[in-house]
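Asker: Numbering (full-length UniProt numbering), first residue to last: 1 to 206.
Yeah, the Cβ is synthetic: ideal placement off N, Cα and C, and Gly gets one too.
Below is a structure I'd like to ask you about.
The structure is reproduced here in structure tokens:
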């Protein structure tokens with residue numbers, strides 16, 4: 001898994017325009033209740049009292065709206081992981097928390113917001129920029145924690161940093177990928193995340 005550079009999502013109209021945010025809020029609501037596939041641009045336009053043509057001034061397609069919603073959902077996970085990475089805990093403890101939090105929040109999206117989870121699955125399967133940006137954010141967060149662990153003398157520093165981060169990001173995939181989450185029960189995933197976290201830490205600690 002190579003590190004990916006965050007990609008700017010295509011958008012029309014001023015990025016911070018309140019209408020654009022209104023469209024995203026309407027999309028969140030509709031996708032949450034009806035699902036991505038059963039919601040049309042016309043449905044969203046009707047919900048906020050504008051024409052479909054007006055919506056297209058801000059988003060070039062339904063997929064672009066889906067990207068924005070997916071970015072919102074995955075961005076909340078990224079923010080939680082960044083908060084862990086910036087804490088004062090040891091690098092080992094932060095890495096444990098990253099694994100556990102990534103799984104718990106991904107499962108919450110899967111079970112509590114199933115229709116939003118389904119959008120994330122579409123994003124992953126079709127390589128949407130929102131999914132790529134999520135992976136890039138995770139890689140950056142890992143790099144920060146591993147680098148600080150090396151600087152403090154907690155982790156070994158002989159293995160190339162990018163190689164370490166790529167490996168850890170790869171073994172984290174089953175605990176966050178929307179499609180792979182469906183292959184195991186939460187209990188199985190929780191058991192595996194603990195085993196893999198311990199294995200990763202044994203390979204890092206000096």
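(1) Pop quiz: residue 102 and residue 175 are said to be a contact at Cβ under 8 Å. What is the actual Cβ separation, rounded to whole angstroms?
(2) With a CB to CB cut of under 6 Å and the five nearest residues on each side skipped, what residues in its chain are close to residue 96?
(3) Just the C-alpha distance for residue 118 and residue 36, rounded to the nearest angstrom, thanks.
(4) Looking at residue 138: is its Cβ nearer than 9 Å to the Cβ of residue 172?
(5) List the whole-angstrom C-beta distance separating residue 55 from residue 41, where the pair is believed to meet the contact cut-off of C-beta under 8 Å.
(6) Report all residues from its chain with a CB closer than 7 Å to the CB of residue 19; omit the five preceding and five following residues, and keep chain order.
(7) Hey, residue 182 and residue 123: beta-carbon distance below 9 Å or not?
(8) Go to residue 186, then tell me how far its alpha helix (DSSP H) extends in each direction, as first and last residue.
(9) Would you call the CB atoms of residue 21 and residue 73 closer than 9 Å?
(10) Could you have a look at residue 59 and say whether DSSP puts it in helix, strand or coil?
Answerer: Per the coordinate set shown:
(1) 6 Å
(2) 197
(3) 8 Å
(4) yes
(5) 5 Å
(6) 58
(7) no
(8) 186–204
(9) no
(10) coil
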